[in-house]
Amino acid sequence: MMENIEPPENLYRDILTRIGREKRRIARIQFALSGITAIVSVIALVPAGFYAFREFYQSEFYQYLSAIFSDGGIALAYWKEFLLSLAESAPLLESTILLSLIFVFMGTLKLAAESAKNFASPPRSIKLI
Numbered sequence: 767m768m769e770n771i772e773p774p775e776n777l778y779r780d781i782l783t784r785i786g787r788e789k790r791r792i793a794r795i796q797f798a799l800s801g802i803t804a805i806v807s808v809i810a811l812v813p814a815g816f817y818a819f820r821e822f823y824q825s826e827f828y829q830y831l832s833a834i835f836s837d838g839g840i841a842l843a844y845w846k847e848f849l850l851s852l853a854e855s856a857p858l859l860e861s862t863i864l865l866s867l868i869f870v871f872m873g874t875l876k877l878a879a880e881s882a883k884n885f886a887s888p889p890r891s892i893k894l895i
């Protein structure tokens, strides 16, 4: 009774078409989310950059760093103390925040480009067996 049931002729093609549509929909969602994240990270990068540069110039790190170029002989003579002074005065938190935002922006930009490529490419032709 159920032995001669065959699937519709276009079932395989319809399934592959639906899978292709779902992949494109997922790529559009990924593009939107990564694009929004990239925009937010750029917006956050501006005040974080101003904050990092302000802290950089307010700390003594800038003065120690400029001493290398103004009087390199003293920096070389007392290089251990000089490096310790640089390490102690470096604005590490501000630099970490700034670099984190830069890496988030670059990563989401890469994801946005990949997902844009996936949903912008034309669907491939389907070969039926």
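Quick note on numbering: my numbering labels position 1 of the sequence shown as 767, and the sequence is numbered without any gaps. The beta-carbon is built from N, C-alpha and C at its ideal position, and this holds for glycine as well. Quick caveat: nothing in here was measured; it's all calculated off a predicted structure.
Residue i versus residue j: straight-line alpha-carbon distance, rounded
i	j	result
Ser-855	Leu-865	18 Å
Phe-869	Pro-813	16 Å
Ser-807	Gly-801	10 Å
Asp-837	Phe-871	38 Å
Arg-791	Asn-884	10 Å
Arg-784	Pro-774	16 Å
Asn-776	Ile-805	43 Å
Local Cβ density within 10 Å of residue i, reported as buried at 16 or more and exposed below that
i	result
Thr-874	buried
Phe-816	exposed
Cβ pair residue i, residue j closer than 8 Å
i	j	result
Ile-863	Ala-818	yes
Ala-810	Leu-867	yes
Glu-788	Glu-821	no
Arg-843	Ile-834	Strictly speaking, residue 843 in this sequence is Ala, with Arg absent from that position. No, Cβ-Cβ distance for Ala-843 and Ile-834 is not below 8 Å.
Tyr-830	Phe-848	yes
Ser-832	Pro-857	no
Heavy atom of the ligand HEM within 7 Å of residue i beta-carbon
i	result
Leu-867	As presented, the structure is devoid of all ligands, the ligand HEM included, so that no description of it is given.
Query raised in the report: Using 8 Å as the Cβ pair cut-off and three pairs as the minimum, do the stretch 875-884 and the stretch 787-802 touch?
Result: The way I'd put it, the stretch 875-884 does touch the stretch 787-802; three or more beta-carbon pairs between them come closer than 8 Å.
**Report entry** Every unbroken alpha helix (DSSP H) within the stretch 787-861, with a cutoff of 4 residues, ordered by chain
**Finding:** Runs of the alpha helix (DSSP H) lying entirely within the stretch 787-861 and spanning at least 4 residues, in chain order: 827-836, 838-843, 845-855.
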